[in-house]
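Chains as they are written, first to last, in this note's numbering: chain A, -16 to 244; chain D, 422 to 748.
As structure tokens, then:
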């Protein structure tokens, strides 16, 4: 599944220190176009820190980021977004008091730009939102619905639509199914698969093996702030990945079972 | 009961205007010979112009789930500084600018306290400026009013246009036009511009605004600057109407402004409310006072009634939220 050639986004020798605490050390990472990568690890393994570095929220203390073969430095999430690296948050981060279409284009409203202010073309924004949602096969009653009226799965879909509204190259998702009702998980995972068909690289942080094994091409594990293991999905098993999360390799089914109970 | 979403949406947006119309009919029926005179109607508009302008500024703050307690003090400081400037003989175009500029300055201080000093809630910062700014207003005047303004400075607060129809002193007040321009400008800003929509987004979910690339701190400073500007403009209108700047002007004005915004349907939790609602809220308070006055009800009862109206209005807001938010 993994394509050969230059990775879309790569991190080399990343370290991140918070005072005396080492959150990440010598982490290497890459994701290819159209690939869905699962990132697993226990709490405190450094998944979130790594994702925050990739999305421009943190600067790495050491190491470098390479985007499409070019070294890059992001001083803010805005710069990462300008390169097409988008983040979808666990709590969706939507303004519930505002319509779907305004949430999708927040901060990037279409219209007449006058210095720092844009006079919004609401009609165009509504049409753009409708077209975009149709492309992603997301069904809502109307793009003018406030997001607080939506179910958890629909909100996640709107958050994904916002992330992909402008030529996204890489979409990073933090626990995309953690806040959803079980019956909605499948729809969101299918949506993630459809992003892959559009050539978008997707990075999923998840604790749910079901999610990882349903839609990922490759899985990598962090353990205590460093690379622990990595494999194409087809070449590993649930128990092995669960073992990686706990910091053990060469797992047998019985051992995983013992560890879990 | 039949549920009609279009009717529900209409009532949510314009129900408050119906309340104003019903109030006017009731008061008109109670004292038709007084209420409907052009002079009384002119008075209602003139007396409430200052509150309307200040409440519009307060509204923008409340949309971000903030509060600006300093507007009354800011208005007083604006009034006394513009009166001083007028007495010093500065040219009138400059005196006109003094009031709103003082308001902007207080707004900048509020905004910086909130974002740069990271005070935990705007209540605290603006409670501080409520006291400090009022103190400064007393200091610069020694506590005494300053009267005698240039006629050009008085114009906006005092002039009215009888249009050849109304007998003086009745007509369309210039201050009504100021209110209308402010309301239209604010409506356009809040509904049609990106920054205006970001103000609503911050009130709904600041985190959503932040991750969408909105500079939340910068928008918050702007919001308190708008509130300060409007308080200063309110000061200019009141100074014009009373031909003086007095340092104890606008005592408790912040509470009237908050009341008008809340009665007008804006949510105290932020993110909800309309400009037309704020104007209706101001008119409801003004009509209530006027209606009780012309029926010779004591001003003590007016306070009781306004209190009840505030509680009732917020209760409606609570019920509406409970009905609309999906769990």
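A virtual CB, placed ideally from N, CA and C, is assigned to each residue, including glycine.
Please report the residue range of the alpha helix (DSSP H) in which residue i lies.
{"i": "residue 475 (chain D)", "result": "459 to 484"}
{"i": "residue 60 (chain A)", "result": "60 to 65"}
{"i": "residue 34 (chain A)", "result": "30 to 37"}
{"i": "residue 173 (chain A)", "result": "165 to 180"}
{"i": "residue 609 (chain D)", "result": "595 to 613"}
{"i": "residue 683 (chain D)", "result": "674 to 684"}
{"i": "residue 206 (chain A)", "result": "Looking at the DSSP string, residue 206 (chain A) is not in any alpha helix (DSSP H); the run it does join, the beta strand (DSSP E), is 201 to 206."}
{"i": "residue 53 (chain A)", "result": "No alpha helix (DSSP H) holds residue 53 (chain A); the beta strand (DSSP E) holding it covers 53 to 55."}
{"i": "residue 577 (chain D)", "result": "572 to 579"}
Which chain A residues are close to residue i, counting only those with a beta carbon under 9 Å from its beta carbon?
{"i": "residue 621 (chain D)", "result": "78, 80, 81 and 85"}
Taking the alpha-carbon of residue i as reference, which of the options has the nearest alpha-carbon?
{"i": "residue 546 (chain D)", "options": "D:577, D:602 and D:487", "result": "D:487"}
{"i": "residue 606 (chain D)", "options": "D:696, D:671, D:628 and D:644", "result": "D:696"}
{"i": "residue 479 (chain D)", "options": "D:520, D:497 and D:528", "result": "D:528"}
{"i": "residue 41 (chain A)", "options": "A:56, A:114 and A:185", "result": "A:56"}
{"i": "residue 138 (chain A)", "options": "A:76, A:213, A:230 and A:150", "result": "A:76"}
{"i": "residue 466 (chain D)", "options": "D:738, D:711, D:733 and D:566", "result": "D:711"}
{"i": "residue 562 (chain D)", "options": "D:549, D:582 and D:503", "result": "D:503"}
{"i": "residue 229 (chain A)", "options": "A:23, A:156, A:13 and A:168", "result": "A:23"}
{"i": "residue 650 (chain D)", "options": "D:564, D:526 and D:450", "result": "D:526"}
{"i": "residue 468 (chain D)", "options": "D:594, D:554, D:673 and D:642", "result": "D:594"}
{"i": "residue 186 (chain A)", "options": "A:177, A:156 and A:203", "result": "A:156"}
{"i": "residue 2 (chain A)", "options": "A:39, A:44, A:129 and A:212", "result": "A:44"}
{"i": "residue 130 (chain A)", "options": "A:84, A:94 and A:209", "result": "A:84"}
{"i": "residue 226 (chain A)", "options": "A:205, A:217 and A:215", "result": "A:205"}
{"i": "residue 536 (chain D)", "options": "D:640, D:722 and D:719", "result": "D:640"}
{"i": "residue 493 (chain D)", "options": "D:669, D:732 and D:461", "result": "D:669"}
{"i": "residue 582 (chain D)", "options": "D:433, D:722, D:460 and D:719", "result": "D:460"}
{"i": "residue 60 (chain A)", "options": "A:154, A:133 and A:116", "result": "A:154"}
{"i": "residue 621 (chain D)", "options": "D:485, D:450, D:429 and D:433", "result": "D:485"}
{"i": "residue 89 (chain A)", "options": "A:116, A:148 and A:219", "result": "A:148"}
{"i": "residue 435 (chain D)", "options": "D:655, D:702 and D:735", "result": "D:702"}
{"i": "residue 706 (chain D)", "options": "D:585, D:610, D:551 and D:676", "result": "D:676"}
{"i": "residue 198 (chain A)", "options": "A:213, A:171 and A:212", "result": "A:171"}
{"i": "residue 158 (chain A)", "options": "A:64, A:195, A:176 and A:180", "result": "A:195"}
{"i": "residue 653 (chain D)", "options": "D:449, D:684, D:499 and D:491", "result": "D:499"}
I believe residue i touches residue j by the beta-carbon criterion, under 8 Å. Please report the beta-carbon distance rounded to the nearest angstrom.
{"i": "residue 599 (chain D)", "j": "residue 482 (chain D)", "result": "Between residue 482 (chain D) and residue 599 (chain D) the Cβ distance is about 20 Å, and since that is not below 8 Å, they are no contact."}
{"i": "residue 201 (chain A)", "j": "residue 18 (chain A)", "result": "7 Å"}
{"i": "residue 660 (chain D)", "j": "residue 556 (chain D)", "result": "That belief does not hold up - the Cβ atoms of residue 660 (chain D) and residue 556 (chain D) are roughly 20 Å apart, past 8 Å."}
{"i": "residue 140 (chain A)", "j": "residue 121 (chain A)", "result": "5 Å"}
{"i": "residue 67 (chain A)", "j": "residue 193 (chain A)", "result": "Their Cβ separation, rounded to whole angstroms, is 29 Å, which puts residue 67 (chain A) and residue 193 (chain A) out of contact at 8 Å."}
{"i": "residue -10 (chain A)", "j": "residue 10 (chain A)", "result": "Rounded, the Cβ-Cβ distance is 14 Å, inconsistent with contact."}
{"i": "residue -8 (chain A)", "j": "residue -2 (chain A)", "result": "Their Cβ separation, rounded to whole angstroms, is 18 Å, which puts residue -8 (chain A) and residue -2 (chain A) out of contact at 8 Å."}
{"i": "residue 686 (chain D)", "j": "residue 738 (chain D)", "result": "7 Å"}
{"i": "residue 164 (chain A)", "j": "residue 136 (chain A)", "result": "7 Å"}
{"i": "residue 656 (chain D)", "j": "residue 520 (chain D)", "result": "5 Å"}
Which residues of chain D have a Cβ atom closer than 7 Å to the Cβ of residue i, listed in chain order?
{"i": "residue 72 (chain A)", "result": "632"}
{"i": "residue 90 (chain A)", "result": "633, 634 and 635"}
{"i": "residue 155 (chain A)", "result": "Neighbours of residue 155 (chain A) on chain D: none; closest Cβ ~12 Å, over 7 Å."}
{"i": "residue 100 (chain A)", "result": "614, 615 and 616"}
Can you give me the start and stop residues for the beta strand (DSSP E) that residue i sits inside?
{"i": "residue 185 (chain A)", "result": "184 to 188"}
{"i": "residue 124 (chain A)", "result": "No beta strand (DSSP E) contains residue 124 (chain A), which DSSP labels as neither H nor E."}
{"i": "residue 103 (chain A)", "result": "100 to 103"}
{"i": "residue 138 (chain A)", "result": "Premise fails: residue 138 (chain A) lies in the alpha helix (DSSP H), 135 to 146, not in any beta strand (DSSP E)."}
{"i": "residue 247 (chain A)", "result": "Chain A is shown only over -16 to 244; residue 247 (chain A) falls outside these bounds and no answer can be derived."}
{"i": "residue 13 (chain A)", "result": "4 to 14"}
{"i": "residue 585 (chain D)", "result": "Segment: none, residue 585 (chain D) is in no beta strand (DSSP E) and carries neither H nor E."}
{"i": "residue 156 (chain A)", "result": "153 to 157"}
{"i": "residue 210 (chain A)", "result": "209 to 215"}
{"i": "residue 81 (chain A)", "result": "Residue 81 (chain A) -> no beta strand (DSSP E), and no H or E assigned at all."}
{"i": "residue 71 (chain A)", "result": "68 to 71"}
{"i": "residue 94 (chain A)", "result": "94 to 97"}
Starting from residue i, find everything on chain D with Cβ-Cβ shorter than 9 Å and list it in chain order.
{"i": "residue 103 (chain A)", "result": "612, 613, 614, 615, 617 and 618"}
Strictly below 8 Å CB to CB, what residues from chain D border residue i?
{"i": "residue 66 (chain A)", "result": "Correct list: empty, because the minimum Cβ distance to chain D is about 13 Å."}
{"i": "residue 232 (chain A)", "result": "Under the 8 Å cutoff, chain D gives no residues; its nearest Cβ is about 37 Å from residue 232 (chain A)."}
{"i": "residue 61 (chain A)", "result": "634"}
Run through chain A and tell me which residues come within less than 8 Å of residue i, C-beta to C-beta.
{"i": "residue 693 (chain D)", "result": "80"}
{"i": "residue 669 (chain D)", "result": "In chain order: nothing, as chain A lies at least about 38 Å away."}
{"i": "residue 625 (chain D)", "result": "78, 79, 80 and 81"}
At 7 Å on the CB atoms, spell out the chain A contacts of residue i, in chain order.
{"i": "residue 628 (chain D)", "result": "76"}
Count the C-beta pairs between the stretch 62 to 81 of chain A and the stretch 103 to 113 of chain A that are closer than 8 Å, then say yes if the count reaches three, no if not. no
Assess, as a yes-or-no matter, whether the stretch 458 to 475 of chain D is touched by the stretch 621 to 630 of chain D under the definition of 3 or more beta carbon pairs within less than 8 Å. no
Pairs of beta-carbons, one from the stretch 535 to 554 of chain D and one from the stretch 658 to 668 of chain D, closer than 8 Å: are there three or more? no
The stretch 31 to 41 of chain A touching the stretch 111 to 126 of chain A, judged by at least three CB pairs closer than 8 Å: no
Contact between the stretch 718 to 735 of chain D and the stretch 677 to 696 of chain D: three or more CB pairs below 8 Å? yes
Is the stretch 570 to 585 of chain D touching the stretch 429 to 446 of chain D in the sense that three or more CB pairs, one from each, lie closer than 8 Å? no
Does the stretch 503 to 523 of chain D come within contact of the stretch 634 to 643 of chain D, defined as at least 3 CB pairs closer than 8 Å? In short, these stretches do not touch, since the Cβ pair count stays below three.
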